[in-house]
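Below is one structure; the comments refer to it alone.
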Amino acid sequence: MKNYLKEFFAEYDYPKDAVDGLLSAFEKIDGNNDFKALLDCFYTDSRPRPKEIEEAMDKIAEVCGVHPYTAKFLYYACLTRGLAAVYE
């Protein structure tokens, strides 16, 4: 997923400092089992509601020491990988 995020940020011309900060934050949350479970369940019938996602990401951000907005952004950025295939 980290390589995908690098490509995503490059495609949309994110500044290098922003990319470095986002990838550093991603490394902190990527090892979190709740984060992985939240990503995995998005494509199932038990898809969480937006409010549930927001609350879960707030908790994950706190545990991982990442700003909640950054954590949520990374969650949604990760979802673009699978969504692109769905909509093609």
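Quick note on my numbering: the sequence shown kicks off at 1311 and runs consecutively.
C-beta: ideal position from N, C-alpha, C; glycine also.
Legend entry - Cβ separation of aspartate 1340 and methionine 1311, assumed to be a contact under 8 Å, to the nearest whole Å: Between methionine 1311 and aspartate 1340 the Cβ distance is about 7 Å, and since that is below 8 Å, they are a contact.
request  = Starting from methionine 1367, follow the alpha helix (DSSP H) in both directions and report where the run begins and ends.
outcome  = For methionine 1367, the enclosing alpha helix (DSSP H) starts and ends at 1360-1374.
- Do alanine 1366 and proline 1358 come within 8 Å of each other at the CB atom, strictly closer than that value? Against a cut-off of 8 Å, the Cβ pair of alanine 1366 and proline 1358 comes out as a contact.
Rounded to a whole number of angstroms, what is the C-alpha to C-alpha distance between cysteine 1296 and aspartate 1344? The first residue shown for the chain is 1311 and the last is 1398, placing residue 1296 beyond what the model contains.
*asked:* I need the straight-line Cα distance from lysine 1346 to proline 1360, nearest angstrom please.
replied: If I take the Cα positions, the gap works out to 16 Å.
Handout entry: For tyrosine 1379, the first and last residue of its enclosing alpha helix (DSSP H)
Key = Residues 1378-1397.
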